[in-house]
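Trainee: Each residue of the sequence shown is one higher than the one before, starting from 2 at the first, in my numbering.
Take a look at the following structure, please.
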Amino acid sequence: MRNILIMRCTVFLCTIVLLGLSHGLHTAGRQRPIVQTDAGELRGVYKISAFKGRRYNINHFLGIRYAKPPVGELRFMKPEPFVYDEPHEATEFGSACPQVDMMGLGVESHDEDCLFLNMFLPTDFPDTDSGHAVIIFIHGGGFAYGSSSLINGDLLAAAGNVIVVTFNYRLGLFGFLNPGDDTFPENAGLWDQRLAIQWVKDNIEKFAGDPNRITLMGESSGSASVILHGMYPPNEGLFHNLVSFSGTPFMPPGYFKDNAMAAQYLADMVSCYPIGDMFKTCMQAQNITKFMDALKSGVNNMKVWRRLNFSPTIDGDYIKANPMSVLLQSKQEHIDSVEFLQSLNLVTGVNNAEGGLWIMNMVEDIDRLAIYSADMAAEFIPNALPFVVGFDGNIPRVLIDMVLAEYTDWNNLTDSRLKYVKLMGDLNFNVPLMELGMVHSDSTSSKTWVFKFDALLPEHVLPTPNWLKTANHGDFLAPLFGFSKNFTFGRYKDIEDYTPSKWEQRLSRRIITHVSTFAKTG
Numbered sequence: 002m003r004n005i006l007i008m009r010c011t012v013f014l015c016t017i018v019l020l021g022l023s024h025g026l027h028t029a030g031r032q033r034p035i036v037q038t039d040a041g042e043l044r045g046v047y048k049i050s051a052f053k054g055r056r057y058n059i060n061h062f063l064g065i066r067y068a069k070p071p072v073g074e075l076r077f078m079k080p081e082p083f084v085y086d087e088p089h090e091a092t093e094f095g096s097a098c099p100q101v102d103m104m105g106l107g108v109e110s111h112d113e114d115c116l117f118l119n120m121f122l123p124t125d126f127p128d129t130d131s132g133h134a135v136i137i138f139i140h141g142g143g144f145a146y147g148s149s150s151l152i153n154g155d156l157l158a159a160a161g162n163v164i165v166v167t168f169n170y171r172l173g174l175f176g177f178l179n180p181g182d183d184t185f186p187e188n189a190g191l192w193d194q195r196l197a198i199q200w201v202k203d204n205i206e207k208f209a210g211d212p213n214r215i216t217l218m219g220e221s222s223g224s225a226s227v228i229l230h231g232m233y234p235p236n237e238g239l240f241h242n243l244v245s246f247s248g249t250p251f252m253p254p255g256y257f258k259d260n261a262m263a264a265q266y267l268a269d270m271v272s273c274y275p276i277g278d279m280f281k282t283c284m285q286a287q288n289i290t291k292f293m294d295a296l297k298s299g300v301n302n303m304k305v306w307r308r309l310n311f312s313p314t315i316d317g318d319y320i321k322a323n324p325m326s327v328l329l330q331s332k333q334e335h336i337d338s339v340e341f342l343q344s345l346n347l348v349t350g351v352n353n354a355e356g357g358l359w360i361m362n363m364v365e366d367i368d369r370l371a372i373y374s375a376d377m378a379a380e381f382i383p384n385a386l387p388f389v390v391g392f393d394g395n396i397p398r399v400l401i402d403m404v405l406a407e408y409t410d411w412n413n414l415t416d417s418r419l420k421y422v423k424l425m426g427d428l429n430f431n432v433p434l435m436e437l438g439m440v441h442s443d444s445t446s447s448k449t450w451v452f453k454f455d456a457l458l459p460e461h462v463l464p465t466p467n468w469l470k471t472a473n474h475g476d477f478l479a480p481l482f483g484f485s486k487n488f489t490f491g492r493y494k495d496i497e498d499y500t501p502s503k504w505e506q507r508l509s510r511r512i513i514t515h516v517s518t519f520a521k522t523g
């Protein structure tokens with residue numbers, strides 16, 4: 002039986018009620034928080050935050066190592082747990098993982114010692130005697146950039162009365178190098194994520210958290226990661242709820258068996274012979290500067306950047322096959338990974354104009370971007386369709402014409418900008434999302450909620466033209482995290498002391514209520 006519930010968020014309201022938000026008693030003191038964990042003693046810091054006129058007391062534990070520094074012989078390898086041999090001052094964010102910044106979505110970093118997690122703890126009584134519900138947030142950034150320091154969990158934790166955890170994981174070539182010859186274990190970045198989740202599961206009771214109420218939440222590539230973890234049966238018991246928005250692992254063309262061509266291109270750039278043990282020794286010994294120089298060479302050269310694309314691959318373990326193929330196959334036969342996914346409660350959604358992600362670099366002034374029906378027929382639709390039907394043949398003209406008819410504004414044939422945004426949004430986000438929702442809900446025990454966020458916020462995370470009058474990719478994040486003054490993701494990075502309007506605060510309150518209540522009750 003399918004039980005999909007649609008949530009629609011607009012400027013004025015979000016129309017869905019999961020359960021009422023629990024109000025705990027205010028019990029915060031000003032003592033410095035100190036917790037003894039399996040990984041050693043951690044000394045946090047006490048903070049005060051404000052949301053919608055109310056002051057909240059929050060405990061921070063920042064920059065906690067959950068894995069050994071992945072350097073030397075541990076570079077490109079699976080992460081290994083870390084244990085402190087003396088008390089740790091958990092008062093500042095740890096370094097971001099190596100990356101080059103792209104439009105404020107990342108942090109310039111050359112530091113491989115980056116596997117840290119952060120905890121934001123409410124000081125009100127939890128909603129149940131078992132402890133606070135927990136939300137583990139996985140940041141996005143195309144598996145190439147991003148950092149947990151860019152998104153502050155204070156207000157979500159405080160107003161939602163839930164524990165919020167954020168963390169770093171290895172990105173790009175450091176997290177997803179797969180030459181295709183077993184030189185390195187594949188998907189090290191996913192294993193980083195899993196170890197961070199395991200750390201939370203093992204230690205959360207010591208922070209007054211409930212290990213049986215852990216929710217994974219992610220945005221963009223972080224959202225895809227959430228679903229991948231939810232399709233890995235050995236994760237059973239680590240978490241029980243999933244919140245994914247603006248991304249799935251089912252986006253075309255899907256995942257590949259390796260990234261050998263990118264690995265060889267990289268090897269040439271850093272002067273390592275791309276075969277076997279010599280390659281492994283050279284890559285692990287090579288100075289970080291060589292890798293960063295290679296990445297920087299792609300910042301202003303999209304041809305180089307595409308050649309250095311490192312993202313999850315089909316490793317036969319964490320990702321056994323192309324996720325979309327698995328999803329479609331599950332409609333005909335039993336698949337363990339899909340059955341596990343269906344056992345988890347799921348909230349998943351998109352912004353209304355996710356396709357805006359594809360226009361931000363098309364021209365220098367995107368406010369003046371011009372796309373016509375002729376452009377759609379001659380260029381954009383033929384270039385997009387192979388990602389759906391395959392790259393091994395010519396696209397039939399009749400198929401192009403059918404798609405063109407769907408993505409034409411018949412009342413305004415001279416302007417197809419919005420239709421192009423819709424095409425790319427449907428192709429990469431909306432259709433994969435609905436496939437996920439339909440398969441997930443196709444179980445007698447499934448609990449599935451699907452939402453669309455279409456509020457027009459005054460500010461956007463990504464460069465957004467003035468003619469795009471709705472929510473672009475990434476826009477759900479700011480209200481989800483309460484428009485925190487420490488929210489420095491994307492274009493918010495250049496705004497000092499952003500003050501949300503009253504309607505934005507009301508919207509944020511509703512979103513936080515829905516998400517935190519789901520984390521508490523499923």
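Glycine residues also receive a C-beta, built at the ideal position from the N, C-alpha and C atoms.
The structure displayed is predicted, hence computed values, not measured ones.
1) Please list the segments of the alpha helix (DSSP H) lying wholly inside the region 195 to 255, counting only runs of 4 or more residues, in order along the chain.
2) Could you check whether the region 204 to 212 touches the region 117 to 132, counting it as contact only if at least three pairs of C-beta atoms, one from each stretch, sit closer than 8 Å?
3) Cβ atoms of Ala378 and Ile396: under 8 Å apart, would you say?
4) With a CB to CB cut of under 6 Å and the five nearest residues on each side skipped, what residues in its chain are close to Asn236?
5) Could you check the C-alpha separation between Glu113 and Met120 for me, to the nearest Å?
6) Can you have a look at Leu328 and say buried or exposed, based on whether 16 or more other CB atoms are within 10 angstroms of its CB?
7) Compute the Euclidean distance between the alpha carbons of Gln326 and Met303, then round it to the nearest angstrom.
8) Can you give the Cα-Cα distance for Asn153 and Val163, rounded to whole angstroms?
9) For Asn352, does the count of other Cβ atoms within 10 angstroms reach 16, so buried, or fall short, so exposed?
10) Starting from Glu407, follow the alpha helix (DSSP H) in both directions and report where the run begins and ends.
11) What is the residue span of the beta strand (DSSP E) that Leu63 lies within?
12) For the alpha helix (DSSP H) holding Arg44, just list the boundary residues, first then last.
13) Taking Thr349 as part of the beta strand (DSSP E), name the residues at either end of that continuous run.
14) Please report the Cβ distance between Asn242 and Gly523, rounded to the nearest whole angstrom; I am assuming they are in contact, meaning their Cβ atoms lie under 8 Å.
15) Give me, in chain order, the residues of the same chain whose beta-carbon lies closer than 8 Å to that of Gly248; leave out the 5 immediate sequence neighbours on both sides.
16) Please look up how many angstroms separate the CB atoms of Ile320 and Tyr256, rounded, as I've assumed it's under 8 Å.
17) Just grab the DSSP bridge partners of Tyr47 for me.
18) Exposed or buried, Ala354, counting other C-beta atoms within 10 Å across all chains shown (16 or more means buried)?
19) Shortest alpha-carbon distance to Ala445 belongs to which of Ile372, Gln343, Thr500, Ile137?
20) Less than 8 Å separating the beta-carbons of Ala97 and Arg44?
21) Within 8 Å, do at least three Cβ pairs link the region 444 to 461 to the region 376 to 390?
22) Straight-line CA distance for Phe488 to Glu407?
23) Where His27 and Phe126 are concerned, what is the direct C-alpha to C-alpha distance, given to the nearest angstrom?
24) Starting from the Cα of Phe292, find the closest Cα among Gly173, Lys207, Ile65 and give me that residue.
25) Can you tell me where the beta strand (DSSP E) holding Val36 begins and where it ends?
26) Nearest-angstrom Cα distance between Arg507 and Ser298?
27) Express the C-alpha separation of His111 and Gln194 in angstroms, rounding to a whole number.
Mentor: So, from the listed chains and residues:
1) 222 to 230
2) yes
3) no
4) Within the same chain, Asn236 has close Cβ partners His230.
5) 21 Å
6) buried
7) This sequence places Ser at residue 326; Gln is not what is there. Looking at the two C-alpha atoms, the distance is approximately 29 Å.
8) 14 Å
9) buried
10) Note, Glu407: alpha helix (DSSP H), 398 to 407.
11) 55 to 66
12) From DSSP, Arg44 is part of no alpha helix (DSSP H) but of the beta strand (DSSP E) over 41 to 44.
13) 346 to 352
14) 5 Å
15) Counting only Cβ-Cβ distances below 8 Å, and skipping sequence neighbours, we find Gly141, Gly219, Glu220, Ser221, Ser222, Gly223, Ser224, Ala225, Phe430.
16) 6 Å
17) Asn60
18) buried
19) What sits at residue 445 in the sequence shown is Thr, not Ala. Ranking Ile372, Gln343, Thr500, Ile137 by Cα distance to Thr445 puts Gln343 first.
20) no
21) no
22) 38 Å
23) Annotation note: pLDDT 33 at His27 (below 50); position unreliable, coordinate value reported separately. The alpha-carbon separation between His27 and Phe126 amounts to approximately 7 Å.
24) Ranked by Cα distance from Phe292, the options Gly173, Lys207, Ile65 are led by Gly173.
25) 35 to 38
26) Straight-line Cα distance between these residues: approximately 44 Å.
27) 20 Å
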